[in-house]
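Start counting the sequence shown at 6; every next residue gets the next number (the numbering used here). Beta carbons: idealized from backbone N, C-alpha and C, even for Gly. Worksheet: the structure to be examined is printed underneath.
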Amino acid sequence: MSDDTIRLVTVGRILRRRRRLLAVLVVVGALVGYGVSVLFPPRYTASASVLLPGPWEERELVTQVEVATSSSVVDRAGEALGWDGVSDSELRERVSAEAADGNIIKISGTAESPERAQRLTDEVAQQFVTFAARIASGSTDPDEATGPEALREQVKRTNQRITDLANAADPGQSVESVQARTELEKLRSTLQEAMQKLEEADPANNRAGLVVMGPATRPAGEAPPTRPQLVGGGALLFFVLAVVGHLTAARVNRRLRSEPEIAAALRSPLLGTVDVPGDRRAHRPRARGARARLRRLLGTDVRWDLPAPRSSGDEAGRRIRYRRVCARLRERLPAARRLLVVVPDDDEVARRAAEHLAAEAEGEPLLRVVEVSASRPMVPDRDTESGVLVVLGAGSRTGEELAGIAEACADGGHKVVGVVVAGAVRARTARSADRPAQNATAAAPVHENATGGAA
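So this is what it looks like as structure tokens:
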């Protein structure tokens, strides 16, 4: 099986076994997205297009885009709008520009209402055109008259000055007349320069003759992200994080799954594997309290990463496995009359397997079941027992927890004589699944907790 197939199977298992938790997290994510949409009011975006006549290179278009969003343009637009409570820096964040096909600069403005967005966009586009014209004329001062009309006015004043001087000049060869004619030549040169600038400022020959292609269209809907998008994005984000969190937890899971690894961690031989009839509820711990009820409600009290219980054979086949384990115990300890069976207190599969095993042993040897905490194990001191038999559910414990159980047995003066690994299976009929439990009750195995009290 490929890695991709394994990942798909794992994700499918998460969706099936954690569907209630995922549903709750999706609802929580949707509520978080709704809360974010309430904190951030809706925004509207309007756009206007500015045409750049003539041929333009790509780098020149990029420069014009930067000019359109510069502080020189946006700040002047803010002064013209005169909005209270909106700073220049905030206004610059609301304005954007991009170069489109056909030498077009698309300017966009965002505001809290469609009307203000339209006004902002139109004003920025107009200020951009004006500022670009000033740059082309060699000046960025808005108070300096350098436009075509100002140049024409300069030509008129120069012509009038030439006429006045010509009328007042002496036609002779005196010093005054020579100076007057020299002054006239200077004025003619000034007139020619002014006329040349006037021709260069003609829109037909000036590349800076930008044209606003109509007013901005008033936006009909909110700018993204809208409230439905935030709600859906929050739900999707929480769902993805939950799935990724489960996959990460499974990736770093250090629970031992194979029987040789479990036996090596306990430093004891493996006596066999047994089957416990039941379903996923067999893995459910017997904890009580509000926290346990909440985990049971969300379905997190049962491990999701365990494979589905495989189909079991008949009752006779399952009992043969228990009998073989008991036979191996008698072979290893032929003189033993009493053994201590240690199971974790939150491992329901191991507890049921220990009860079945005690029933099949029929007192030879007598098995006393003791439940211990996997996090802080405490095994009763040795009395008349000949050793300890550890029963564990498959893939339920880490190496550190098993080492702790082995140390607790050694502290109590016990020697671990064997390990039995139990796995949950699906029984064919309810009767076959209940019969071993009835036999276990009939055999009356001793069942205690770690403090020595009978359970």
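Taking only three categories from DSSP, how would you classify residue i?
i, result
"R431", "strand"
"L215", "coil"
"D93", "helix"
"E365", "helix"
"D280", "strand"
"L345", "strand"
"L372", "strand"
"V14", "helix"
"V307", "coil"
"R272", "coil"
"A358", "helix"
"P60", "coil"
"E390", "coil"
"P224", "coil"
"P265", "helix"
"A408", "helix"
"A185", "helix"
"K420", "coil"
"A340", "coil"
"L20", "helix"
"H288", "Summary for H288: the model assigns pLDDT 49, below 50, so the residue's position carries little reliability; its value from the coordinates is reported in the next sentence. The answer is helix: DSSP assigns H288 an H, G or I state."
Assuming residue i is part of the beta strand (DSSP E), what are its boundary residues?
i, result
"S113", "I109 to A116"
"S101", "V100 to A105"
"A138", "It is not in any beta strand (DSSP E) - A138 instead sits in the alpha helix (DSSP H) that spans P119 to A141."
"A53", "Y49 to L56"
"L64", "At residue 64 the sequence reads Arg, which differs from the Leu that was named. Here R64 belongs to no beta strand (DSSP E); instead the alpha helix (DSSP H) covers E63 to A73."
Along the chain, where does the alpha helix (DSSP H) containing residue i start, and where does it finish?
i, result
"R296", "A295 to L303"
"L27", "R24 to L44"
"L334", "E320 to R337"
"A255", "R232 to R256"
"S77", "S76 to L86"
Am I right that residue i and residue j are in contact with their C-beta atoms under 8 Å? What's the rounded C-beta distance?
i, j, result
"L26", "F243", "11 Å between Cβ atoms; not a contact."
"A408", "A270", "6 Å"
"G423", "S273", "6 Å"
"V425", "V396", "5 Å"
"S54", "T74", "Not confirmed; about 15 Å, so no contact."
"G107", "V129", "Not quite, the Cβ-Cβ distance comes to about 20 Å (not below 8 Å), so this is no contact."
"G392", "H419", "6 Å"
"S92", "R260", "Wrong, their Cβ atoms sit about 57 Å apart, outside the cutoff."
"G277", "R337", "Between R337 and G277 the Cβ distance is about 12 Å, and since that is not below 8 Å, they are no contact."
"A82", "Q159", "With a Cβ gap of about 30 Å, A82 and Q159 do not count as contacting."
"L196", "N164", "7 Å"
"L56", "Q69", "Incorrect: roughly 11 Å between the Cβ atoms, too far for contact."
"A104", "I112", "Their Cβ separation, rounded to whole angstroms, is 11 Å, which puts A104 and I112 out of contact at 8 Å."
"D280", "R323", "5 Å"
Name the DSSP beta bridge partners of residue i, please?
i, result
"V425", "G277 and V396"
"R260", "T403"
"V384", "In the DSSP output, where bridge partners are listed per residue, V384 has none listed."
"V377", "P349"
Could you tell me whether any Cβ in chain C is nearer than 8 Å to the Cβ of residue i?
i, result
"S194", "Included in the structure is just one protein chain, with no chain C present."
Could you check whether the Cβ of residue i sits closer than 7 Å to any heavy atom belonging to the ligand NAP?
i, result
"P265", "With respect to the ligand NAP, the structure offers nothing, as it holds no ligand at all."
(message) For the region 37 to 48 against the region 249 to 260, do three or more pairs of beta-carbon atoms, one drawn from each stretch, fall closer than 8 Å, so that the two count as touching?
(response) no
(request) Pair every Cβ in the region 217 to 232 with every Cβ in the region 60 to 69, then say whether three or more of these pairs are closer than 8 Å. (result) no
(request) Assess, as a yes-or-no matter, whether the region 373 to 380 is touched by the region 320 to 334 under the definition of 3 or more beta carbon pairs within less than 8 Å. (result) no
(message) Assess contact between the region 351 to 363 and the region 382 to 389, defined as three or more Cβ pairs (one per stretch) separated by less than 8 Å. Is contact present?
(response) no
(message) If contact is defined by three or more beta carbon pairs under 8 Å, each pair taking one atom from either stretch, is the region 213 to 225 in contact with the region 119 to 129?
(response) yes
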